[in-house]
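Q: Structure below; questions to follow.
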Amino acid sequence: MYYNIIKTFYLMRVTEQKIQELDYGKLKSMRRVTHFDREMRFTEVYKHSASEHPYIREAICQEAQTREILMPIDEDDWFAGRLDRMFVGIDPERGDVCEAAYFCQFSLLEEQLNNPDLSEKAKSDARFLLEFWKKEATFFKCYDAFPDYVRKGIPSFDYYDTSEISYAMFGFGGPCLDYDKLCRLG
């Protein structure tokens, strides 16, 4: 299996540019944007579906998000399905440790506020999203559901920069994809 993957990369003449293209999503996350219309639309769908059963709400939000993040297929794509990820959304587990289920990329969204080209409306939208998702992101809802005596024992949210014995909040399960099967069968 691994031999075939290496052979495929060799035959494709993997260049530094191609490797950078694989990291497209991360690079897009670090970009400066001029508006947060997609994030605001997703947030409205999330708010309007609040009375639905959680399974139905998740399906509604997944549908709304999918329309916003799928990118057109380019001639040079290796695989179809490139994403232009939003700063808020729903995902099983991706990115930062606080980005499981309903999430907000707080640090990246806060960085956007430093963009001098951002309009007042965009700044207002970003501030709204930051405030709203501090209450609604799954990470914080889970934390709030712990009894006080458990919350007192949770050492830190700073998973990357501290050395704690354990982190009660960072055990969300995510999907385990069979990449070999995915590449062979699509």
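For what it's worth, this note's numbering labels the leading residue of the sequence shown as 23, then goes sequentially.
All C-beta atoms in this analysis are idealised placements derived from N, C-alpha and C, irrespective of residue type, glycine included.
Source: prediction; values computed, not measured.
Residues in the same chain with beta-carbon distance under 6 Å from Pro76, minus the five sequence neighbours each way, listed in chain order, please.
A: Start at 1 with the first residue of the sequence shown, and residue 76 comes out as number 54. For Pro76, where only same-chain residues beyond five positions count, there are no Cβ hits under 6 Å.
Q: Could you name the residues of the same chain whose beta carbon sits closer than 8 Å to that of Ile78, not counting the 5 residues immediately before and after it, in chain order?
A: Position 56 of the sequence shown holds residue 78. Around Ile78, the same chain offers Ser71 as residues with beta carbons nearer than 8 Å, after the five sequence neighbours per side are excluded.
Q: Hey, could you find the ends of the beta strand (DSSP E) Ile112 is sitting in?
A: For this step, residue 112 is matched to residue 90 along the sequence shown. Per DSSP, Ile112 belongs to the beta strand (DSSP E) from Val110 to Asp113.
Q: Phe162 by DSSP, collapsed to three states: which one?
A: On the sequence shown, position 140 is the one that residue 162 refers to. Helix, per DSSP.
Q: What do you get for Cys205, buried or exposed, if any count of 16 or more other CB atoms within 10 angstroms of its CB means buried?
A: On the sequence shown, residue 205 is found 183 positions in, with the first residue counted as 1. Cys205 should be labelled exposed.
Q: Which stretch, first to last residue, makes up the beta strand (DSSP E) that contains Lys125?
A: For the purposes of this step, residue 125 is taken as residue 103 along the sequence shown, with counting starting at 1. In the sequence on display, residue 125 carries Phe and not Lys. Run containing Phe125: Ala123 to Cys126, per the beta strand (DSSP E) assignment.
Q: Taking C-beta to C-beta, are Thr65 and Leu152 nearer than 8 Å?
A: Residue numbering aside, residue 65 sits at position 43 when the sequence shown is read from its first letter. Residue numbering aside, residue 152 sits at position 130 when the sequence shown is read from its first letter. No, the Cβ-Cβ distance between Thr65 and Leu152 is not below 8 Å.
Q: Taking the CB atoms as reference points, tell me whether Gln134 and Val67 lie closer together than 8 Å.
A: Looking up residue 134 in the sequence shown gives position 112. Looking up residue 67 in the sequence shown gives position 45. Gln134 is not a Cβ neighbour of Val67, given a cutoff of 8 Å.
Q: With distances taken from CA atoms, which of Trp100, Lys145, Tyr171 and Cys83 is nearest His57?
A: Within the sequence shown, residue 57 is the residue found at index 35, counting from 1. When only C-alpha atoms are compared, the closest one is Lys145.
Q: When you compare only the Cα positions, how much space is there between Arg104 and Lys157?
A: As a working note, residue 104 is residue 82 in the sequence shown. As a working note, residue 157 is residue 135 in the sequence shown. Rounded to the nearest angstrom, the two C-alpha atoms are 30 Å apart.
Q: Between Pro114, Leu130, Leu140 and Asp170, which has its C-alpha nearest Glu80's C-alpha?
A: In the sequence shown, residue 80 corresponds to position 58, counting from 1. Among Pro114, Leu130, Leu140 and Asp170, the Cα nearest to that of Glu80 belongs to Pro114.
Q: Quickly, what does DSSP pair Leu92 with across the bridge? List them, please.
A: Start at 1 with the first residue of the sequence shown, and residue 92 comes out as number 70. Leu105, per the DSSP bridge assignment.
Q: To which residues of the same chain is Ala148 closer than 7 Å at the C-beta, ignoring the five residues directly before and after it?
A: Reading the sequence shown from its first residue, position 126 is the one you call residue 148. Phe58, Leu131, Gln134 and Leu135.
Q: According to DSSP, simplified to helix, strand and coil, what is Ser129?
A: Walking along the sequence shown from the start, residue 129 turns up at place 107. The three-state secondary structure of Ser129, taken from DSSP, is helix.
Q: Would you kindly report the start and end of the unbroken alpha helix (DSSP H) that includes Val67?
A: Working through the sequence shown from its first residue, we reach residue 67 at position 45. Per DSSP, Val67 belongs to the alpha helix (DSSP H) from Asp59 to His70.
Q: Among Lys143, Ser141, Asn137 and Trp155, which has the Cα closest to the Cα of Cys126?
A: Numbered from 1 along the sequence shown, position 104 holds the residue referred to as residue 126. For Cys126, the nearest C-alpha among the options comes from Trp155.
Q: Counting along the chain, where does the alpha helix (DSSP H) carrying Asp175 start and finish?
A: As a working mapping, residue 175 is identified with position 153 in the sequence shown. This sequence places Gly at residue 175; Asp is not what is there. Counting along the chain, the alpha helix (DSSP H) containing Gly175 begins and ends at Asp170 to Gly175.
Q: Helix or strand or just coil, what does DSSP make of Trp155?
A: By 1-based counting over the sequence shown, the position of residue 155 is 133. Of the three classes helix, strand and coil, the one that applies to Trp155 here is helix, per DSSP.
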